[in-house]
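Here's the structure, in C-alpha cells; my notes come after.
Protein chains in written order, with this note's numbering: chain Z, 958 to 1349; chain A, 2 to 309.
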C-alpha cells in the first residue's frame, strides 16, 4: 500500500514537473519573436562611444586571413575616431576559428557573445560562417557586412535579405573572371579542379567547371578535406599534361602545402590558380607560376598607401574589403546616431542606403536589394615569388 | 595501365607508410610489453613534429641555417627523438605506472586523458596556426627520377631513415641485453622480474624507444608534407594503430608491414577508387575491418592460446 502511494506521489511530481516544463517552453516559444523584435527596435543611447562587432578568424588555420581583416577594420576605426570628435567607435571582436576542428560552432558562439550594445557587425569571413551565424544575428536584429564571403547563394536565397550585406562580388562574378583568364590568357586545354568540400569552394568550383567545359576545355574534378596535410596521392592523380590546377580553397597554408608537394612530385611546372580565400603571401611564396583571383584593390589609393606605410610595408590586401565593410557599418551607425539614439533596425536601414562614391576597392559601394554591391569586378593576380601583383 | 600514376601512387604510399610504420612500432612495442593501447602515442608524434620545427628554428630557420642543411636535419631528428623519448618516459611514469595493476580499462582511460592533455597543451603553447617546415628552402626542390618514378629528397630521406630506424630497432631487440630483457618482459613480466630483470627500467626503455620513433616520424611528416599543427596526431595515431593491428599488434615486423600496407592502401584508394581523395579513410578502415575478420590476430601476429 505504501509502495503504491509512493509511486503515485512520484508520478504526480513528474507530471507537475512536465507541466511546468511545457508551460515554460510555451512561454519561451511565444516570447522568442517578440524578444527579437524588441531587441531589433530597442533604442540605445549612442553617448560618446558606440560598439561595432567584428567576427573574424583571429586564431585557427585561417588566422592569416583574419589578421589583415582585423588590422584593416582597426585602421578604419582609428581613422573614424580621429575625424569624429563627438561619436567614437569601439570594436568588439568575436573569434570564429574558421577551418578549425569545431566547424562553424565557434562562429555561432562568437556571434552569441555580442551584447545588446552592438549595433552592427563586420564579418564573418567565410560563407559557411555567414550561414551558421544568420539565425543568431538575424534573430537579434543585427545587420552584418562581410568583406570576404563570396558564395553566390548567400545573398540570393532570401534567408538573410535586409540583414546581410557584403563588400565583395559574388562567386558568380569570380568564376566568370577566372574562367575567362584561364581560357583567353593562359590558353589552357586541360584543367584540374580540386575543391575543399566546403560550400564556398564547391560552389565556385562548380561554376568554373561548367564555364570551362562550355568553352571546350577538358576538365577533371576532385575534392579534398582541409583537415588533410598529405596531398601526395591526390597530386599523383593530376596528369603531367595538365595546364592549370584550380584550387578555390580558404586556407592559404593548405594551398602552399599543395603547391610545394606538387613541386616535390615533379609537377611544379603546372600553373596553380587559387581564389580570393588563398590571396596571401603564404600561397604566393609557392612560386612564380601561381595565380589568384582577388578583389581589385588599388595599390595606388591613398588609404591603401597609408595603411601599407603604417604596417611596415605590408598592404595586407585581403583585409581591404573589411575596411570597406567597417566603413559601411561605421557610416550607418554615424547616420543612425545623429539624434543621439539608434536601434539595430535603424542601422540596418542605413546600411542599405550606403552610397560610397569611391572605396579602397577601386569601385563605388552601394547595395542592391539582395545585399550585393552593384558594381561587381574581380581582378587576377600573379605571384612574383613573394607577393601577388595585378595582371588582369 | 597508366604506369606513371601507378608509380606516383606507390612512391606516395611507401613514404606515408614509412611514417605510419614508425608510429605503429610504438603502439606495438608498448602493447607487447604492457598489453596497453597507448592512445597518447599519436600526440607524442605531434610533439615530435613541433620539436623538429623548434630545432630547425634554433639553428637559424630553413632559409639561413647557421650550419649545413644536412646537420640541421640530423639535429632535428636527434632533438625530436630525445625530447619525445623523454616525454614517453614521463608519461609512463606518471600516467601508466600507478595503474599497472589496476583493471585494464583504467590505463586505457588514462591514455585517452594524456592524449587530450598533450593536444590541448600544444594548442596552448604553440597556438592554433599551422607551422611550415619550408623544406624546399632548407634542402632544395631537387627531384630524382628513373623513367616514371619520381622521388624528391624529402621522400628519399623519409624512406631511407625509416628503413634505417627499423633495422636498428630489429637489431636492438634481437641482439642486445636490453632487447633480450624486453622480449623476456613481454613473454612473462613476473617471471622476468623473478629472473632479476628490472621490469620498470625495461618498460621505461620501451616507452623511450617507441616515443623516440614517433618523434622521428613527426619530423619526417613535417619534412615531406610541409605543415604541422596541434591536431595532426589524432588521425596519424589512428592510422598507426590500424597499421599495428593489421600487422599483428605486438609484432615488430608486423607493425612495419602494417604501416606500409595502410600507406599504400590510402594512396591507391585515393588514386583508383571513386571519390578516393574524399573517402580514403573509409577505404583504409574498411581494409582494417576485413583483415580483422579474416585474421583476427593480424597478418604476422600470433593467435592467443588460453588454457581452459
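Note that the Cβ used here is the ideal one computed from N, Cα and C, for glycine as well.
Checklist entry - Which runs of the beta strand (DSSP E), 3 residues or longer, sit entirely within the region 89-171 of chain A? => result Counting only runs of 3 or more, we get 144-147, 150-153.
Item to check | Buried versus exposed call for residue 1226/Z [16 or more other C-beta atoms within 10 Å across all chains shown] | outcome: Residue 1226/Z should be labelled exposed.
Checklist entry - Is the Cβ of residue 1179/Z closer than 7 Å to any Cβ of chain A? => result yes
Checklist entry - Mind checking if residue 1229/Z is an interface residue toward chain A, Cβ cutoff 7 Å exclusive? => result So, not an interface residue.
Checklist entry - Quick one: complete alpha helix (DSSP H) runs, 4+ long, within the region 1267-1321 of chain Z? => result If we require 4 residues or more, the alpha helix (DSSP H) runs fully inside the region 1267-1321 of chain Z come out as 1277-1293, 1301-1309.
Item to check | Proximal residues of chain Z, C-beta to C-beta of residue 93/A below 7 Å | outcome: What residue 93/A touches in chain Z: nothing, since even the nearest Cβ is about 28 Å away.
Checklist entry - How about residue 265/A and residue 14/A: do their beta carbons lie closer than 7 Å? => result yes
Item to check | Cβ contact check for the region 1202-1212 of chain Z and the region 1228-1248 of chain Z: 3 or more pairs under 8 Å | outcome: yes
Next on the checklist: Can you list, in chain order, the residues of its chain with a C-beta nearer than 8 Å to that of residue 1157/Z? Leave out the 5 residues immediately preceding and following it.
Outcome noted: 1083, 1084, 1085, 1106, 1107, 1108, 1128, 1205, 1207, 1234
Item to check | Given residue 18/A as reference, the closest of 77/A, 285/A, 298/A, 290/A once Cα atoms are compared | outcome: 285/A
Item to check | residue 1179/Z - containing beta strand (DSSP E), residue span | outcome: 1175-1180
Next on the checklist: As an exercise, report each continuous alpha helix (DSSP H) stretch of at least 4 residues that is fully enclosed by the region 1166-1254 of chain Z, in chain order.
Outcome noted: 1189-1194, 1209-1221, 1238-1241
Next on the checklist: If I measure Cβ to Cβ from residue 1304/Z and keep anything under 7 Å in the same chain, skipping five residues before and after, which residues do I get?
Outcome noted: 1076, 1077, 1100, 1289, 1290, 1293
Item to check | For residue 31/A and residue 1340/Z, the rounded distance between their alpha carbons | outcome: 49 Å
Item to check | Three-state class that DSSP yields for residue 1258/Z in the structure shown | outcome: Coil.
Checklist entry - Going by the CB atoms, is the gap between residue 1328/Z and residue 1112/Z shorter than 7 Å? => result Cβ distance < 7 Å, so residue 1112/Z and residue 1328/Z count as in contact.
Checklist entry - What three-state label does DSSP hand residue 1036/Z in the structure shown? => result Helix at residue 1036/Z.
Item to check | Residue from 1283/Z, 1027/Z, 1300/Z whose Cα sits closest to the Cα of residue 1316/Z | outcome: Residue 1283/Z is the option with its Cα nearest to residue 1316/Z.
Checklist entry - How would you list, in chain order, the residues of chain A whose beta-carbon sits under 9 Å from the beta-carbon of residue 1186/Z? => result 131, 222, 226, 227, 228, 229, 230, 233
Checklist entry - Can you find a CB in chain Z that lies within less than 7 Å of the CB of residue 127/A? => result no
Next on the checklist: Considering only the alpha carbon of each residue, which of 230/A, 231/A, 253/A lies closest to residue 241/A?
Outcome noted: 253/A
Checklist entry - Taking just the CA atoms, how far does residue 1223/Z sit from residue 152/A? => result 8 Å
Next on the checklist: Cβ closer than 9 Å: which chain A residues qualify as neighbours of residue 1081/Z?
Outcome noted: Neighbours of residue 1081/Z on chain A: none; closest Cβ ~17 Å, over 9 Å.
Checklist entry - For chain Z, is any of its Cβ atoms less than 7 Å away from the one on residue 151/A? => result yes
Checklist entry - Do the region 206-213 of chain A and the region 90-98 of chain A touch if we need at least three Cβ pairs shorter than 8 Å? => result yes
Checklist entry - Does the region 1035-1054 of chain Z come close enough to the region 1001-1018 of chain Z to have 3 or more Cβ pairs within less than 8 Å? => result yes
Checklist entry - Going along the chain, which residues of its own chain have a beta-carbon closer than 8 Å to the beta-carbon of residue 16/A, five neighbours each way excluded? => result 156, 159, 160, 225, 264
Checklist entry - With 16 other CB atoms within 10 Å as the buried threshold, where does residue 1256/Z fall? => result exposed
Item to check | Contacts that residue 191/A makes with chain Z (C-beta to C-beta distance below 9 Å) | outcome: Ordered by position in chain Z, no residue passes the 9 Å Cβ test against residue 191/A, which lies about 43 Å from the chain.
Item to check | Under 7 Å by beta carbon: chain Z residues contacting residue 137/A | outcome: 1217, 1220
Checklist entry - So residue 245/A packs on residue 25/A, CB below 8 Å; how close in whole Å? => result 4 Å
Checklist entry - Going straight from the alpha carbon of residue 927/Z to that of residue 1278/Z, what length do you get? => result The structure shown has nothing for residue 927/Z, since chain Z only spans 958 to 1349.
Item to check | Assigned secondary structure, residue 1340/Z (DSSP; H/G/I helix, E/B strand, else coil) | outcome: strand
Next on the checklist: Please state whether the Cβ-Cβ distance between residue 213/A and residue 82/A is less than 7 Å.
Outcome noted: yes
Item to check | Positions along the region 1016-1048 of chain Z whose CB lies within less than 7 Å of some CB in chain A | outcome: 1016, 1017, 1018, 1020
Item to check | Buried versus exposed, by CB contacts within 10 Å (16 or more), residue 1/A | outcome: This structure leaves residue 1/A out entirely; chain A is present only between 2 and 309.
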